[in-house]
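Numbering (the working numbering), first residue to last: 7 to 402.
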C-alpha cells in the first residue's frame, strides 16, 4: 500500500492514504484485573518513492461515521473518506523522514505512532471482551477502524507492507516465593490488533489536478499518457469491420485465417537517467466494456476480453534504444472475425498492471498497478512512430 503525498510536474499530485479495520484477538480472555496503559500504531514499510530526506507527517484518525466495511465487498480506491471518517478524532501523529537511518536502506523500517490517552481509555471497553469468529462484527461496530493519512510533506510515498496496533497493559498476580510466602508481581505486556487478511482495508488515492494533467496531454494528439495509481489510461479503438473488409479484399474474398496480429505501441523519448517516475513494465489491453468486471471478479486475460503486453526494445540505425510494447491481438481478433457479423470497432483501454505467478511461472493474478508508474506513448497520429497493427493471414 502507498501512503503519503507526491507532487510531479508532469503527472500531477498523488495523495495516498489508508482506511483499515483491525483484527481483534479471538478467543482471548484477559485477566480480570488488567489495566490498559497505552497504544501505538506500527507502520512497517519496505521502501519509499521520492525524496528520502523530505519530512512528512502521518496522522491517525478514528473512523467514526458508523459505516462498517463489509469483508465480502470490494471497495474502490477513490471512495469518499467522509463517509467513514469525520477527521474530528485525530488520535495520533508523527513527523519523520523516510530514511531515518544513515547508510544502506534497511529491508524494512518500523514507525511507531503513539495514540492518545483518550483513545486508550475509550478502547478499554472492548479490551475486556472475549471475541470469537462468530461475533467479531460486534468489535467492528464499536471500533470501525483507522484512517491513516499524510498531513504534511509532498515529496515522498511509503510502500507500506503491514500495519498493526500494539495495545499495552499490565496486570498483577500472586505467586509463591521459594520460602512459601505469597507475593504479588506486576506483569507488563501487550497484544496486537493487526490489519491482516481477515479484515478489510482500502488504499485510497486522490489526484486533485488530474483533469488539468489530462487536458495538457490531450492538447498534443501525437502523445498518449498512462500513469498509476488510479490516474490516466489510454483508449485504443480497433476498427474491426474495416480490418475484416480489407483483409478479405486482399485474400480475394476467401475465408480468412489470421495467423498472427501484433499491435506495437512505441514509448516516446525514453531517457532512463532523467525518469522521475518508473516506467510501466506491464500493460493490460482490455475491452473497455469489460474493465470493471475483469478486476472485480479477478479474471485473467482470455481470447475474447484482454491481452497482456510487456516492454521490449530494439536499436535504431544510430544505435539508440527504442522502447515499445507488443500486444498479440491474434486470438482476440480471430474471435471477433469469426462472428457472423463483425462490429464496426472495439474500444480498448491500456491499463498498467501488476501480476503474480505460481511456482510453475503460470499467471495466477492480475491487479491494477498501485505503485507510481508512468509512460508517454506514441499515438496513432505520431509523425514518426505511430501505433502500428500488423497481420500475417491466409485465405482458403
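Glycine included, every Cβ here is placed at the ideal spot set by N, Cα and C.
Small disclaimer: the values here were computed from a predicted structure and weren't measured.
State the Cα-Cα distance for the pair residue 268 and residue 303, rounded to the nearest angstrom. In a straight line, the C-alpha of residue 268 is about 27 Å away from that of residue 303.
Beta-carbon separation of residue 272 and residue 91 under 8 Å? No.
Can you check whether the CB of residue 8 is closer than 8 Å to the CB of residue 201? In this structure, residue 201 lies away from residue 8, with their beta-carbon atoms at least 8 Å apart.
According to DSSP, is residue 294 helix, strand or coil? Of the three classes helix, strand and coil, the one that applies to residue 294 here is helix, per DSSP.
For residue 181, count neighbouring Cβ atoms within 10 angstroms of its own Cβ and tell me buried if that reaches 16, exposed if not. Its Cβ having fewer than 16 others within 10 Å, residue 181 is exposed.
Own chain partners of residue 220 with C-beta closer than 8 Å, once the 5 adjacent residues on each side are dropped: The answer, listed in chain order, is 231, 238.
Note down, in chain order, each residue of its chain lying with its Cβ closer than 6 Å to the Cβ of residue 116, except the 5 sequence neighbours on either side. Only 48, 50 meet the Cβ criterion.
Quick one: give me the first and last residue of the alpha helix (DSSP H) that residue 251 is part of. Annotation: the continuous alpha helix (DSSP H) that includes residue 251 extends over 246-256.
So what's residue 399 in DSSP terms, helix, strand or just coil? If DSSP states are grouped into helix, strand and coil, residue 399 belongs with the strands.
Within 10 angstroms of the Cβ of residue 356, are there 16 or more other Cβ atoms? Answer buried if so, exposed if not. Buried, by the Cβ-count rule.
Span separating the alpha-carbon of residue 368 from that of residue 190: Taking the straight line from one Cα to the other gives about 60 Å.
Which value, in whole angstroms, describes the spacing of the CA atoms of residue 55 and residue 216? Here the C-alpha atom of residue 55 lies approximately 20 Å from the C-alpha atom of residue 216.
Going by beta-carbon coordinates alone, are residue 309 and residue 338 separated by less than 8 Å? Yes. Within cutoff.
Which residue marks the beginning of the beta strand (DSSP E) containing residue 168, and which one marks its end? Per DSSP, residue 168 is one residue of the beta strand (DSSP E) stretching across 161-182.
Leaving out five residues on either side along the sequence, give the residues of the same chain with a beta carbon under 6 Å from the beta carbon of residue 77. 206.
Does the separation of the CB atoms of residue 70 and residue 136 fall below 8 Å? No; because the gap between Cβ atoms is not below 8 Å, this pair is not in contact.
Whole angstroms are fine: how far does the CA of residue 128 sit from the CA of residue 95? Straight-line Cα distance between these residues: approximately 12 Å.
How far does the alpha helix (DSSP H) with residue 339 in it extend, from its first residue to its last? Looking at the DSSP string, the run of the alpha helix (DSSP H) that includes residue 339 is 336-343.
In the DSSP output, which residue or residues are listed as bridge partners for residue 13? Paired residue(s): 19.
Is the segment 36-45 in contact with the segment 158-178, if contact means three or more CB pairs nearer than 8 Å? They touch, by the three-pair rule.
Might you give, ordered along the chain, the residues of its own chain that have their beta carbon closer than 8 Å to the beta carbon of residue 349, omitting 5 neighbours on each side? In its chain, beyond the 5 residues on either side, 246, 247, 342 have a beta carbon closer than 8 Å to the beta carbon of residue 349.
Leaving aside the five residues before and after residue 13 along the sequence, list all residues of the same chain whose C-beta is less than 6 Å from its C-beta, in chain order. Excluding residues within five positions, the ones whose Cβ falls inside 6 Å are 19, 160.
Rounded straight-line distance, which links the Cα of residue 297 to that of residue 316: Cα to Cα, residue 316 sits roughly 19 Å from residue 297.
Give me the DSSP bridge partner(s) of residue 320. Beta bridge pairing from DSSP links residue 320 with 328.
Residue 257 beta carbon less than 8 Å from that of residue 380: Inclusion of residue 380 and residue 257 in the CB contact set at 8 Å is not warranted, their separation being larger than that value.
Can you tell me whether residue 393 is buried or exposed? The criterion is at least 16 other CB atoms within 10 Å of its CB, across all chains shown. It counts as buried.
Considering only the alpha carbon of each residue, which of 25, 61, 396 lies closest to residue 209? Ranking 25, 61, 396 by Cα distance to residue 209 puts 25 first.
Keeping to the same chain, check which residues put their C-beta closer than 8 Å to that of residue 320; ignore five residues upstream and five downstream. Take residue 320, set aside five residues on each side of it, and the residues of its chain with a beta-carbon closer than 8 Å to its own are 327, 328, 330, in chain order.
Local conformation of residue 149 per DSSP, three classes: Secondary structure of residue 149 (DSSP, three-state): coil.
Can you tell me the Cα-Cα spacing of residue 266 and residue 79, whole angstroms? Using only the alpha carbons, I get a separation of about 40 Å.
So, at 6 Å on beta carbons, what are the nonlocal neighbours of residue 307 in its own chain, with the 5 sequence-adjacent residues on each side left out? For residue 307, where only same-chain residues beyond five positions count, the Cβ hits under 6 Å are 313, 314.
Secondary structure at residue 218, three-state DSSP: helix, strand or coil? Residue 218 falls in the helix class under three-state DSSP.
Spatial neighbours of residue 253 within its chain, please: C-beta separation below 7 Å, excluding the five flanking residues on both sides. 262, 397, 399, listed in sequence order.
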